[in-house]
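Protein chains in written order, with the numbering used here: chain H, 304 to 520; chain D, 41 to 244. See structure below.
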Amino acid sequence: MKQTNNNDSVNKQSFLVACPSCDLLADTSHLKHGETANCARCDHFLCQYKDDGIARSLSYSLSALVLLALACSFPFLSFKASGLESVMTLPQTALRLYDYGMTELSILVAAFILVIPLVILLLLLAICIPLYNNTPNPMLVKTGRMVFTLQHWAMAEVFLIGVIVSLVKIASMATVVLGISFWAYAGFTICFTLALSNLDRVQCWNAIEHLTAEPSS
Amino acid sequence: MTAITAASKDLASCHLCYKLAPATEHHCPRCGSTMHLRKTASIQRTLALLITASILYIPANVLPIMITDQLGSAEPSTILGGVVLLIELGSAPIAAIIFIASVMVPLSKLFALFYLCWCVEKQAKTSNQQNTAMFRMAEFVGKWSMIDVFVVAILVALVNLGGLMAIRPGTAALAFAGVVIVTMVAAESFDPRLMWDQTEENNE
Ligand SMILES: [Zn+2]
Numbered sequence: 304m305k306q307t308n309n310n311d312s313v314n315k316q317s318f319l320v321a322c323p324s325c326d327l328l329a330d331t332s333h334l335k336h337g338e339t340a341n342c343a344r345c346d347h348f349l350c351q352y353k354d355d356g357i358a359r360s361l362s363y364s365l366s367a368l369v370l371l372a373l374a375c376s377f378p379f380l381s382f383k384a385s386g387l388e389s390v391m392t393l394p395q396t397a398l399r400l401y402d403y404g405m406t407e408l409s410i411l412v413a414a415f416i417l418v419i420p421l422v423i424l425l426l427l428l429a430i431c432i433p434l435y436n437n438t439p440n441p442m443l444v445k446t447g448r449m450v451f452t453l454q455h456w457a458m459a460e461v462f463l464i465g466v467i468v469s470l471v472k473i474a475s476m477a478t479v480v481l482g483i484s485f486w487a488y489a490g491f492t493i494c495f496t497l498a499l500s501n502l503d504r505v506q507c508w509n510a511i512e513h514l515t516a517e518p519s520s
Numbered sequence: 041m042t043a044i045t046a047a048s049k050d051l052a053s054c055h056l057c058y059k060l061a062p063a064t065e066h067h068c069p070r071c072g073s074t075m076h077l078r079k080t081a082s083i084q085r086t087l088a089l090l091i092t093a094s095i096l097y098i099p100a101n102v103l104p105i106m107i108t109d110q111l112g113s114a115e116p117s118t119i120l121g122g123v124v125l126l127i128e129l130g131s132a133p134i135a136a137i138i139f140i141a142s143v144m145v146p147l148s149k150l151f152a153l154f155y156l157c158w159c160v161e162k163q164a165k166t167s168n169q170q171n172t173a174m175f176r177m178a179e180f181v182g183k184w185s186m187i188d189v190f191v192v193a194i195l196v197a198l199v200n201l202g203g204l205m206a207i208r209p210g211t212a213a214l215a216f217a218g219v220v221i222v223t224m225v226a227a228e229s230f231d232p233r234l235m236w237d238q239t240e241e242n243n244e
């Protein structure tokens, strides 16, 4: 794994971070593996240094991608009452809204629970693979910008709580059975959250900068 | 004690990659995002978005969020109606989750952000620590209000037994999703550093 401490002045300055919440300057160069830095004035979380952050993020992204594929291909929940049964799949959560004429809402739901998480996973792979292999890639800066912009808009964990609330809401009316997809999506949510939390913003951008910097500077 | 801030050293921090660059730069030298010392027109933008969200909050609560068709009769339910129904069904904890996520969280978020804008505008003497904590809370809870919208989407997709029983989405679901999204953008356009900037000035 690439280390930045053998580097000189360019990276020295990158260890200096201004708190995004109160603008206080903090030096994060002393961080060792697993240590986090919080703002001294307002306690805002600044960064966490991990020697193997990129490798972890990469492996969690790959697992999350497999689990998301599984979650889309099997029944999610099924509902039985008076001898009748209806089965839903994950994409149907958004598609049914479309059938009822609520196009905007179906696009939003599809985006928050499937499309944005999927795009983020693909972007994470596009960042982590070059960083892990130490191969410069012209797309790194653009990809990095997209990942950190999109990450607030993924709502997999919120959806999972929504599923649990729905279950309780209708459990008294009928028999509800959890499908394979439900468990796959729960696993996906965990891996997805870990993939994002292991990619530290400061460390990731220092690595991108280090990799894309011209040899002369 | 004078705090050493980036602004006091004439440095601006990139909001996206946290790179520090001279405050005169327009684009981040590392990631290319537009750079500002402080977010542009932060208070005005936040206020405009908060007013939009407050207006959307009315149809979100007045109109039905979903309609249950059972044996030929249609029964619309609003957000609060759903909470009452859950209590009647005996699932108080779930009623509490829905009530907190769809009523208390959006309302307290609107009030908190309005209050913080007011504090910055009026340069009110308040605790920055407390206000920052309040802002961080408002930022954190943002997307959790979407629970109710997702519940509607799931029930609509799942409960579909032909003429016997079906659940349809109501217009309030879209209005409510709008409230959540607009307040999330409002929290993002608020610059918490403005609160700290004032203490700096007051101390001098
Ligand atoms: Zn701070």
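Note that CB positions come from ideal geometry on N, CA and C, so glycine has one too. Since we're looking at a predicted model, the values are computed, not measured.
Coarse secondary structure for residue i, derived from DSSP in three states
i	result
residue 420(H)	helix
residue 377(H)	coil
residue 208(D)	strand
residue 199(D)	coil
residue 154(D)	helix
residue 341(H)	strand
residue 53(D)	strand
residue 353(H)	coil
residue 549(H)	Lying outside 304 to 520, the shown extent of chain H, residue 549(H) is not represented and no answer is given.
residue 384(H)	strand
residue 115(D)	strand
residue 330(H)	strand
residue 107(D)	strand
residue 67(D)	strand
residue 306(H)	Interpretation of residue 306(H) is limited by its pLDDT of 43, a score under 50 that renders its predicted location unreliable; the figure taken from the coordinates is listed afterwards. The answer is coil: DSSP assigns residue 306(H) none of H, G, I, E or B.
residue 405(H)	coil
residue 495(H)	helix
Span separating the alpha-carbon of residue i from that of residue j
i	j	result
residue 477(H)	residue 129(D)	14 Å
residue 445(H)	residue 71(D)	7 Å
residue 159(D)	residue 80(D)	18 Å
residue 201(D)	residue 195(D)	12 Å
residue 400(H)	residue 144(D)	26 Å
residue 206(D)	residue 126(D)	18 Å
residue 403(H)	residue 361(H)	39 Å
residue 332(H)	residue 102(D)	54 Å
residue 51(D)	residue 57(D)	14 Å
residue 310(H)	residue 76(D)	Caution is warranted here: a pLDDT of 42 is assigned to residue 310(H), below 50, making its placement in the model unreliable, and the coordinate value is therefore given only provisionally. Approximately 28 Å between the Cα atoms of the pair.
residue 459(H)	residue 363(H)	15 Å
residue 376(H)	residue 60(D)	45 Å
residue 64(D)	residue 54(D)	12 Å
residue 323(H)	residue 233(D)	7 Å
residue 395(H)	residue 325(H)	44 Å
residue 225(D)	residue 69(D)	26 Å
residue 45(D)	residue 330(H)	12 Å
residue 218(D)	residue 124(D)	23 Å
Residue-level contact to chain D via CB, residue i, 7 Å cutoff
i	result
residue 464(H)	yes
residue 505(H)	yes
residue 332(H)	no
residue 389(H)	yes
residue 468(H)	yes
residue 508(H)	yes
residue 310(H)	The predicted position of residue 310(H) is uncertain, since its pLDDT is 42 and thus under 50; no value can be drawn from it.
Residue i: contacting residues in chain D (beta-carbon distance under 8 Å)
i	result
residue 447(H)	57 and 71
residue 452(H)	56
Spatially closest choice to residue i from the options, by CA coordinates
i	options	result
residue 227(D)	237(D), 182(D) and 210(D)	182(D)
residue 414(H)	436(H), 387(H), 447(H) and 454(H)	454(H)
residue 188(D)	480(H), 469(H) and 380(H)	469(H)
residue 490(H)	411(H), 322(H), 452(H) and 373(H)	373(H)
residue 97(D)	161(D), 175(D), 198(D) and 151(D)	151(D)
residue 456(H)	465(H), 429(H), 447(H) and 419(H)	419(H)
residue 327(H)	461(H), 348(H) and 342(H)	342(H)
residue 483(H)	380(H), 427(H), 325(H) and 369(H)	380(H)
residue 336(H)	512(H), 513(H), 511(H) and 501(H)	501(H)
residue 340(H)	447(H), 430(H), 359(H) and 503(H)	503(H)
residue 431(H)	359(H), 487(H), 346(H) and 345(H)	359(H)
residue 237(D)	169(D), 93(D) and 68(D)	169(D)
residue 475(H)	198(D), 131(D), 137(D) and 213(D)	131(D)
Partner residues on chain D for residue i, Cβ-Cβ distance less than 7 Å
i	result
residue 355(H)	Per Cβ cutoff of 7 Å: no residues; residue 355(H) is ~21 Å from chain D at best.
residue 458(H)	183 and 186
residue 338(H)	Per Cβ cutoff of 7 Å: no residues; residue 338(H) is ~17 Å from chain D at best.
Residues that residue i contacts on chain D, provided the C-beta gap is smaller than 9 Å
i	result
residue 323(H)	53, 55, 58, 232 and 233
residue 403(H)	196, 208 and 209
residue 397(H)	193 and 197
residue 345(H)	168, 169, 172, 173, 176, 232 and 236
Interface residues of chain H facing residue i [CB-CB closer than 8 Å]
i	result
residue 204(D)	384, 385 and 387
residue 191(D)	465, 468, 469 and 472
Contact with chain H by residue i, beta-carbon distance below 7 Å
i	result
residue 83(D)	no
residue 172(D)	yes
Neighbouring residues, chain H, relative to residue i (Cβ below 7 Å)
i	result
residue 134(D)	468, 471 and 472
residue 131(D)	471
residue 201(D)	384, 387 and 389
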